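Each residue of the sequence shown is one higher than the one before, counting from 0 in numbering that gives the first Met the number 0.
In what follows, a single structure is set out as structure tokens and then discussed.
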Amino acid sequence: MALVGTRRPSNYGKLMAEKISSNLAEAGFTIVSGLAYGIDSIAHSSALNKGKKTVAVMATGVDMIYPPGNQNLSEKIIRNGAILSEYIPGSKAEKWYFPTRNRIISGLCAGTIVIEGSRKSGALLTAKFALDQNRDVFALPGDINRKQAEGPNYLIKMGAKPVTEICDILEEYDVQLSNDEISFPELNKLEKEIFQMIITSKPEINFDKLILKSGLDVNSLSSILLSLELKSLVKKVEGNRYIVI
């Protein structure tokens, strides 16, 4: 499964990239991406942290790791996966190599998941290649006011399947994952539940609705929301409403 996105993700994008990559890896998928900073690196690292395989498709020769700051990550990938390139050893990064490389990322996979990215991003080009190759395209819904969400929201409008939980992907391939296996980094059980409610109540949800949906008392919910705010995952806005950051 290809997982791609911006080099400058939001906290929400980072969290969801880690969650989705980890869960897919545990379900038996090999995670494929491009070794760039941001979403690519999170996708590779999340699979490796679960002891699972990941593949990086390079826009350079396999001996010319780019970006150089991901040298250590590339060595971990080699030990538990693969680094691939259509370019001969010694080939340095050229601007036009990156978009052509993306067709290999999508072509290797049953589907491509776009986490975050603008309408003109490489992630959107990867999704286009996936469609041309008759592969599945998934996208993470995001805040319509954020540039990082432009690409995924556009893809959803054009027919990509929105991903709000891991089952949205697994059900397309007749794969099941038990609740005990589903991971959501950095959050306890109640925090995960409340955060998921806010994510799926786009673009926002007010405090009273969260009380009704969660069944929690005012003090307990307030404590959880404060914790999510301190972790820079949600923000309280006018009208006692909450949005994902």
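For every residue, glycine included, the Cβ atom is placed at its ideal position computed from N, Cα and C.
All values derive from a computational prediction rather than experimental measurement.
**Asked** Out of P8, D62, L2 and A1, which has the shortest C-alpha to C-alpha gap to E149?
**Response** Position 150 of the sequence shown holds residue 149. Residue P8 is the option with its Cα nearest to E149.
**Message:** For M196, tell me which candidate among L169, E164 and N218 has the shortest Cα-Cα distance.
**Reply:** Counting from 1 along the sequence shown, the entry for residue 196 is found at position 197. Residue E164 is the option with its Cα nearest to M196.
**Request:** Would you check if the distance between the CB atom of G106 and the CB atom of D135 is smaller than 9 Å?
**Result:** In the sequence shown, counting from the first residue as 1, residue 106 sits at position 107. In the sequence shown, counting from the first residue as 1, residue 135 sits at position 136. Going by C-beta atoms, G106 is not nearer than 9 Å to D135.
**Request:** Name the one or two DSSP bridge partners that N205 has.
**Result:** Reading the sequence shown from its first residue, position 206 is the one you call residue 205. The partner list for N205 (beta bridge, DSSP) reads R240.
**Euclidean distance between Cα positions of N101 and F128** = For the purposes of this step, residue 101 is taken as the residue at position 102 of the sequence shown. For the purposes of this step, residue 128 is taken as the residue at position 129 of the sequence shown. Computed Cα separation, rounded: 8 Å.
**Prompt:** If you check the beta carbons only, do A126 and P161 fall under 9 Å apart?
**Reply:** Counting from one through the sequence shown, the residue named residue 126 turns up at place 127. Counting from one through the sequence shown, the residue named residue 161 turns up at place 162. Cβ distance not < 9 Å, so A126 and P161 don't count as in contact.
**Where L23 falls, given that 16 or more other Cβ within 10 Å makes a residue buried** = Mapped onto the sequence shown, residue 23 falls at position 24. Flag for L23 reads buried.
**Message:** Taking the alpha helix (DSSP H) that T125 belongs to, which residues open and close that run?
**Reply:** Position 126 of the sequence shown, counting from 1, holds the residue named residue 125. Residues G121 to D131.
**Prompt:** If you draw a straight line from the C-alpha of A16 to the C-alpha of I87, how long is it?
**Reply:** For the purposes of this step, residue 16 is taken as the residue at position 17 of the sequence shown. For the purposes of this step, residue 87 is taken as the residue at position 88 of the sequence shown. Approximately 31 Å, taken between the alpha carbons.
**Message:** Starting from S32, trace the beta strand (DSSP E) in both directions and tell me its first and last residue.
**Reply:** In the sequence shown, residue 32 corresponds to position 33, counting from 1. I30 to S32 is the span of the beta strand (DSSP E), which, as asked, contains S32.
**Message:** Relative to the C-alpha of T199, which candidate in S120, V243 and N218 has its C-alpha closest?
**Reply:** One-based indexing of the sequence shown puts residue 199 at position 200. Nearest option by C-alpha distance: V243.
**Request:** Go ahead and pull the three-state DSSP assignment for N178.
**Result:** Locating residue 178 in the sequence shown gives position 179, where the first residue counts as 1. With a pLDDT of only 48 at N178, under 50, the local geometry of the prediction cannot be trusted, and no value is derived from it.
**Request:** Under 8 Å by Cβ, that's how I've got A55 and S32 pegged, so tell me the actual separation to the nearest angstrom.
**Result:** Taking the first residue of the sequence shown as 1, we reach residue 55 at position 56. Taking the first residue of the sequence shown as 1, we reach residue 32 at position 33. Correct: roughly 6 Å between the Cβ atoms.
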